[in-house]
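Notes to accompany the following structure.
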Amino acid sequence: MSGDRGELIRLDDVVPADPARIIAEMHRYWRTLCRGRAVPDRADVEPQGLRHILDFAFILERIAPGAARFRLAGRHLVDLMGMEVRGMPVCSLLNPDSRGRLSDLLETVFKGPQIATLQLHSPGSFGRPSLDGRLLFLPLRSDLGDVTRALGCLVSQGEIGRGPRRFDVTGDSISPVIEGARPISPVAEAFEEPAPRWRAPPLPAQRPPAPPPRRETPEELRARFHIVKG
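So the sequence shown is numbered by our numbering: it starts at 808 and just counts up by one.
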């Protein structure tokens, strides 16, 4: 019996990733966590349930309106960026021109709450073949009960090449967490606090006009003079 040990090979190095299948599997898993609720809890997510797509999965934390950072991220995201991505803002995956749209979509995920799917493209350059990908965001509740977490996945097709790889958003779609509900348009204005109505400041209290000075009589005028003896 030979003492040689076989080399460990990652499955995604042999079988190309199928974005449609992985996105659908992630979506199905999230639905199973709902159990009659509109949005599941972060505590419900277990790696065992994502074992077939764990390399592509991530969990986000909302840190500001339209902004979130990675709390956990799979190996595929590390390969795309060429570095560990935990703690990094999710906008670091995109080129600057697409970050505004990403911000609007993230806010609709947390505030709607809603589900967002993005189509991505990374142009080719030296040492970096052209890449297409898909990105999915699914809302989660934190331990405090507010929707400030998100489960998601990022799947790209093609050889990654030199990292970091950043993408442009070429398309997106949103859907409500409750089937049949009306989706909310992912624009910043949809989630802004209504501006207070302008009101004119109150006018200062008006004092009654002073009465005209009273003219003294001749007798009163003479009474004011005193004879001083020299």
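C-beta: ideal position from N, C-alpha, C; glycine also.
If you're wondering where the values come from, they're calculated on a predicted model, not measured in any experiment.
Cβ-Cβ distances below 6 Å link L913 to G873, A875 in the same chain, with the five nearest sequence neighbours on each side left out; the list follows chain order. Taking C-beta atoms as the reference points, F877 and R893 count as a pair closer than 7 Å. Taking the Cβ atoms as the reference, R972 lies roughly 5 Å from L887, within the contact range of under 8 Å. CA-to-CA, the gap between A957 and G931 works out to about 30 Å.
Counting along the chain, S982 sits inside the beta strand (DSSP E) bounded by residues 975–983.
When P1018, P993, P1016, A1017 are compared, the shortest CA-CA separation from R908 is found for P993.
Here DSSP, grouped into helix, strand and coil, assigns F917 to helix. Annotated three-state conformation of H859 is coil, per DSSP. Here H859 is exposed. Its C-beta has fewer than 16 other C-beta atoms within 10 Å. Within its own chain, the residues whose Cβ lies closer than 8 Å to the Cβ of D975, once the five positions on either side in sequence are excluded, are L901, N902, D904, S905, L927, H928, S929, P930, listed in chain order. Excluding residues up to 5 positions away in sequence, L861 lie with their Cβ nearer than 8 Å to the Cβ of P854 in the same chain. For R969, no beta strand (DSSP E) encloses it, and the DSSP letter there is neither H nor E. R838: member of the alpha helix (DSSP H) spanning 826–841, first to last residue. Nearest in C-alpha terms to V846, of all of G940, D825, L943, V984, is V984. In this structure, the straight-line span from the alpha carbon of L945 to that of I870 is close to 16 Å. Ranking G919, P936, V962, L961 by CA distance to the CA of L947 puts G919 first.
Nearest in C-alpha terms to L951, of all of G959, D848, L942, is D848. Approximately 5 Å separates the beta-carbon atoms of G959 and F865; this is inside 8 Å, confirming the contact. The beta-bridge partner set that DSSP reports for E868 consists of R876, R956.
For L961 against L857, the beta-carbon gap comes to about 13 Å, at or over 8 Å, which does not count as contact. A923 is a Cβ neighbour of I981, given a cutoff of 7 Å.
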